[in-house]
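In the UniProt record's numbering, the protein residues as written are 428 to 708.
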Ligand code: C2E
Ligand code: MG
Ligand code: MG
Ligand code: MG
């Protein structure tokens with residue numbers, strides 16, 4: 428009887444596993460179809476220069492625009508895309524469409540020198556031809572390489588560091604800036620910073636959102652701004668939601684800021700309208 432009960436449990440387990448696997452398989456098929464149909468597209472969130480108060484750049488953030496009009500956020504599909512290897516194709520599409528958008532803005536706003544940063548998954552660095560993909564996206568769009576920027580997180584340095592650093596240096600050699608995303612939340616302390624070919628730190632929103640409420644967060648943000656300045660790096664504060672947070676960041680002489688206070692990530696046409704409105708914060 429014990430054996431039978433054991434078998435029964437196994438069957439329940441199998442069925443649950445099967446359900447999970449079927450869902451994953453269905454999602455995988457859906458994603459493959461959506462990639463072919465170009466349903467993944469970048470939204471653009473402005474990054475504001477705190478000295479001039481003007482838009483200096485945008486971050487490209489992927490959205491899955493389903494045929495019914497439903498918009499799915501990256502948290503819901505990036506992890507699966509990484510797991511099943513679709514992140515490479517998705518990442519290439521984001522590089523291509525973002526480069527095309529840079530070209531369009533270069534034509535419409537020729538003297539604004541707007542830059543666009545694209546997020547890269549660590550998994551994309553497993554592709555030996557990643558740098559060629561970047562070159563191809565730039566060449567196809569006909570943009571200056573310096574208009575494109577790439578965001579990576581410190582977690583990519585956890586494995587195979589030498590090969591990854593070599594690729595990052597090849598990217599940098601083209602005049603493409605590397606932004607270190609979510610700075611302050613990773614595991615790999617400060618020891619790698621001098622080896623790391625990045626010239627911009629993005630302070631994670633979890634610190635920025637508490638900058639006016641919590642003395643601890645405020646001092647962390649201040650310390651990161653000073654660290655960046657002393658290392659000759661620029662610094663962007665993510666997740667700015669209030670005028671008080673913006674004022675605190677200005678008082679610390681933070682270089683750039685990004686967040687809902689300025690604008691949410693916008694479809695390309697709305698981002699274009701925002702540039703045209705020539706706002707100053
Ligand atoms: P991230 O690169 O750190 O992007 C910042 C996230 O914070 C975005 O979420 C953005 O919409 C959100 N955000 C911006 N301002 C505010 C604010 O004031 N308050 C709050 N609460 N949130 C704010 P999103 O678009 O959902 O993206 C989440 C993450 O997904 C990104 O974090 C990035 O790690 C990843 N991701 C997005 N697009 C791509 C992509 O094309 N490729 C890859 N590999 N990852 C991507
Ligand atoms: Mg980012
Ligand atoms: Mg970030
Ligand atoms: Mg983040």
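We put the beta carbon where it would ideally sit given N, CA and C, even for glycine.
Quick one: what's got a C-beta closer than 6 Å to residue i's C-beta in the same chain, skipping five residues either side?
i: residue 625; result: 605, 607
i: residue 580; result: 608, 609
Mapping DSSP to helix, strand and coil, what is residue i?
i: residue 513; result: coil
i: residue 546; result: strand
i: residue 663; result: strand
i: residue 489; result: strand
i: residue 691; result: coil
i: residue 537; result: coil
i: residue 620; result: coil
i: residue 498; result: strand
i: residue 575; result: strand
i: residue 704; result: helix
Establish whether the CB of residue i and some CB of chain D are separated by less than 7 Å.
i: residue 552; result: Protein chains in the displayed structure number just one, and chain D is not present.
So who's on the other strand from residue i, going by DSSP bridges?
i: residue 520; result: Paired residue(s): none; residue 520 is not in a bridge.
i: residue 472; result: 486
Is residue i buried or exposed, if buried means 16 or more other CB atoms sit within 10 Å of its CB?
i: residue 660; result: buried
i: residue 439; result: exposed
i: residue 447; result: exposed
i: residue 578; result: buried
i: residue 618; result: exposed
i: residue 691; result: exposed
i: residue 473; result: buried
How about residue i: is its Cβ closer than 6 Å to a heavy atom in ligand 3?
i: residue 665; result: yes
i: residue 609; result: yes
Just checking residue i against ligand 1 - is the residue's beta carbon closer than 6 Å to any of the ligand's heavy atoms?
i: residue 501; result: yes
i: residue 548; result: yes
i: residue 521; result: yes
i: residue 489; result: yes
i: residue 687; result: yes
i: residue 505; result: yes
i: residue 668; result: yes
i: residue 692; result: yes
Can you give me the Cβ contacts of residue i inside the same chain, cut-off strictly under 7 Å, excluding the 5 residues immediately before and after it?
i: residue 694; result: 470
Ligand 2 heavy atoms versus the CB of residue i: any closer than 6 Å?
i: residue 509; result: no
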